[in-house]
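Worksheet: one structure, shown below.
Numbering (UniProt numbering), first residue to last: 1 to 151.
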């Protein structure tokens with residue numbers, strides 16, 4: 001049985017069909033135009049069934065020239081390819097980008113906090129040193145109520 005091969009276009013299918021018909025004519029087997037049109041429509045894959053049905057309902061298959069059928073199928077094939085290309089372009093545009101989280105932002109914040117804390121600590125030490133209150137705690141052995149004890 002003659003069928004359209006997977007991933008082949010209408011042009012190559014018609015070429016194969018014509019070669020088979022010519023070989024059969026050499027063996028004295030001839031087909032009418034309407035028989036050839038019906039055979040071509042029967043060999044189309046499932047994805048083409050809506051188009052096949054539309055052609056069968058809209059046109060008289062008894063008088064439809066084989067070349068008109070070929071042109072109609074080729075134009076449908078081009079429109080299907082265009083739609084596929086457009087969908088492929090849209091899918092490429094819609095790719096999801098996954099963002100990788102990192103600790104560098106957190107460590108940057110921590111580094112900033114450390115710098116600020118060091119700055120505040122230095123300023124505080126200078127303030128206390130200027131008021132002479134940052135001398136440490138007095139030793140109770142040596143100072144008690146103003147008296148000096150000897151150890």
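Ideal placement from N, C-alpha and C gives every residue a C-beta, glycine not left out.
Whole-Å CB distance - residue 10 paired with residue 74, under 8 Å assumed: Contact flag correct, Cβ pair sits at about 5 Å.
Alpha helix (DSSP H) segment containing residue 63, residue limits: Looking at the DSSP string, residue 63 is not in any alpha helix (DSSP H), and its letter there is neither H nor E.
The segment 17 to 35 / the segment 78 to 91 touching (three or more Cβ pairs under 8 Å): no
Endpoints, alpha helix (DSSP H) assigned at residue 17: 10 to 26
Cα-Cα separation between residue 134 and residue 121, rounded to whole angstroms: Legend: pLDDT at residue 134 = 48, less than 50; position of this residue unreliable, no value from coordinates given.
Other residues of its chain near residue 76: CB distance less than 7 Å, five sequence neighbours each side excluded: 51
The segment 35 to 43 contacting the segment 58 to 68, beta-carbon criterion three pairs below 8 Å: yes
Exposed unless 16 or more other CB atoms sit within 10 angstroms - verdict on residue 1: exposed
Residue 32, DSSP secondary structure in three states: coil
C-alpha distance - residue 46 paired with residue 55, whole-angstrom precision: 15 Å
Where residue 88 sits in the DSSP three-state scheme: The answer is helix: DSSP assigns residue 88 an H, G or I state.
Residue burial classification, residue 27 (beta-carbon count within 10 angstroms, cutoff 16): exposed
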